[in-house]
Amino acid sequence: MAIFFKLLSRMPLAWLHALGWLLGWLVFVASGIYRRRFLANAEQAGMARSDWLAAVGESGKLVAELPRLWLGRPVPVLWDGAEHVEAALARGCGVVFLTPHLGCFEITAQAYAQRYGQTAKPMTVLFRPPRQAWLRVVVMASRQRPGLLTAPTTLSGVKQLIKALKKGEAVGLLPDQVPPQGMGVMAPFFGRDAYTMTLSVRLVQQTGATVLLAWGERLARGQGYRVHVAPLHEALPSDLSQAAAVVNQAMQRLIVQCPAQYLWGYARYKQPRETAHTA
Numbered sequence: 004m005a006i007f008f009k010l011l012s013r014m015p016l017a018w019l020h021a022l023g024w025l026l027g028w029l030v031f032v033a034s035g036i037y038r039r040r041f042l043a044n045a046e047q048a049g050m051a052r053s054d055w056l057a058a059v060g061e062s063g064k065l066v067a068e069l070p071r072l073w074l075g076r077p078v079p080v081l082w083d084g085a086e087h088v089e090a091a092l093a094r095g096c097g098v099v100f101l102t103p104h105l106g107c108f109e110i111t112a113q114a115y116a117q118r119y120g121q122t123a124k125p126m127t128v129l130f131r132p133p134r135q136a137w138l139r140v141v142v143m144a145s146r147q148r149p150g151l152l153t154a155p156t157t158l159s160g161v162k163q164l165i166k167a168l169k170k171g172e173a174v175g176l177l178p179d180q181v182p183p184q185g186m187g188v189m190a191p192f193f194g195r196d197a198y199t200m201t202l203s204v205r206l207v208q209q210t211g212a213t214v215l216l217a218w219g220e221r222l223a224r225g226q227g228y229r230v231h232v233a234p235l236h237e238a239l240p241s242d243l244s245q246a247a248a249v250v251n252q253a254m255q256r257l258i259v260q261c262p263a264q265y266l267w268g269y270a271r272y273k274q275p276r277e278t279a280h281t282a
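For the sequence shown, position 74 matches number 77 in my numbering, and the numbering has no gaps at all.
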């Protein structure tokens, strides 16, 4: 399987996206559970058919582009809002990047590492290794690159993030990812309560880091990606539930900018799993 991944990594990005578009539609048609969840989430968010239709194929592209991003040649990346990154790094208090399941969230960390990770400050991202041994090797090799570090989804990993921020470095999180039991609170997400992580809030409260919103737009015809960065214009309340609601609202604003690239099939409203191991 690793050899197959390597072969895919050599394909043009446009070809991978074409395969991904087909894959996305095959899964949408074949899996009733996935399709119902996809449609229910889009309906919950008030999306019209014209808003979410393209997201079926885009979800497949998310999977098909991974071999190229993990093992292949660098892809073209444009920036929108790089000045916010540079201003945040200049403050020296650390930067917390919040990225929803929108577009290509893999590219945001890679693009930061390439542009800032070696010349300014590295980025650390939370990482839970895949269960498959061959995939675990591939992903770990991809995530450990110059300017990009990983932290395990454990208490020691959280301490690693805090240490990085106190050194003025950057960390990256997916705040709309359902955390383990005991590591989140219920907060509204598109009008429905969802178990929402509080880690981003606690990191900011403990370090005074700057919060930036970021997502990687997938450009048409395999032309690459555009990384969008914007500040969080409102201060996070000290109350965790209120702060989680602010983060969710910020993620919603990003998603409605480009609903065609949101991962509507993600089980955002699922019950949290058991608490992560803290050793």
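Glycine residues also receive a C-beta, built at the ideal position from the N, C-alpha and C atoms.
Original post:
Would the beta-carbon of LEU222 fall within 8 Å of that of LEU105?
Top reply: Position 219 of the sequence shown, counted from the start, is the residue given in the question as residue 222. Position 102 of the sequence shown, counted from the start, is the residue given in the question as residue 105. Cβ distance not < 8 Å, so LEU222 and LEU105 don't count as in contact.
Original post:
Hey, MET186 and THR201 are a contact pair by Cβ (cut 8 Å); roughly how many whole angstroms apart?
Top reply: Translated into positions along the sequence shown, residue 186 becomes position 183. Translated into positions along the sequence shown, residue 201 becomes position 198. Yes, they are in contact, since the Cβ atoms of MET186 and THR201 sit about 7 Å apart, within 8 Å.
Original post:
In terms of DSSP beta bridges, what is ASP242 paired with?
Top reply: As a working note, residue 242 is residue 239 in the sequence shown. According to DSSP, which records beta bridges pairwise, ASP242 is partnered with nothing at all.
Subject >> Own chain partners of GLY95 with C-beta closer than 6 Å, once the 5 adjacent residues on each side are dropped >> reply: The residue given as residue 95 occupies position 92 in the sequence shown. Excluding sequence neighbours, GLY95 sits near GLY171.
Original post:
THR281 by DSSP, collapsed to three states: which one?
Top reply: Start at 1 with the first residue of the sequence shown, and residue 281 comes out as number 278. Residue confidence for THR281 is low, a pLDDT of 44 falling below 50, so the modelled location carries little weight and cannot support an answer.
Original post:
Which residues in the same chain as GLU277 place their Cβ atom closer than 8 Å to its Cβ, once the five residues preceding and following it in sequence are excluded?
Top reply: Along the sequence shown, one-based indexing puts residue 277 at 274. PRO183 and GLN184, listed in sequence order.
**OP:** To the nearest angstrom, report how far apart SER12 and PRO149 are at their CA atoms.
**Re:** As a working mapping, residue 12 is identified with position 9 in the sequence shown. As a working mapping, residue 149 is identified with position 146 in the sequence shown. Answer to the nearest angstrom: the Cα atoms are 20 Å apart.
Original post:
In whole angstroms, what separates the C-alpha of LEU129 from that of SER159?
Top reply: Residue mapping note: residue 129 aligns to position 126 of the sequence shown, counting from 1. Residue mapping note: residue 159 aligns to position 156 of the sequence shown, counting from 1. Going by the C-alpha atoms only, they are around 11 Å apart.
**OP:** Could you tell me whether the region 13 to 28 touches the region 214 to 230, using the rule of 3 or more Cβ pairs below 8 Å?
**Re:** yes
Original post:
Since PRO191 contacts ALA248 with CB under 8 Å, what's their CB separation in whole angstroms?
Top reply: Counting from 1 along the sequence shown, the entry for residue 191 is found at position 188. Counting from 1 along the sequence shown, the entry for residue 248 is found at position 245. At roughly 6 Å, the Cβ-Cβ gap stays under 8 Å, so PRO191 and ALA248 are in contact.
Original post:
How long is the line joining the alpha carbons of LEU25 and ALA51, rounded to whole angstroms?
Top reply: Working through the sequence shown from its first residue, we reach residue 25 at position 22. Working through the sequence shown from its first residue, we reach residue 51 at position 48. Straight-line Cα distance between these residues: approximately 22 Å.
**OP:** Could you check the C-alpha separation between ALA5 and ARG134 for me, to the nearest Å?
**Re:** As a first step, residue 5 must be located in the sequence shown, where it is residue number 2. As a first step, residue 134 must be located in the sequence shown, where it is residue number 131. When rounded, the distance between both Cα atoms is 14 Å.
**OP:** Taking 8 Å as the cut-off, decide whether the C-beta atoms of ALA216 and ALA253 are in contact.
**Re:** Locating residue 216 in the sequence shown gives position 213, where the first residue counts as 1. Locating residue 253 in the sequence shown gives position 250, where the first residue counts as 1. According to the sequence shown, residue 216 is Leu rather than Ala. Cβ atoms of LEU216 and ALA253: closer than 8 Å.
Original post:
Given a threshold of 16 other Cβ atoms within 10 Å of its Cβ, counted over all protein chains shown, does GLY63 qualify as buried or as exposed?
Top reply: As a first step, residue 63 must be located in the sequence shown, where it is residue number 60. GLY63 should be labelled buried.
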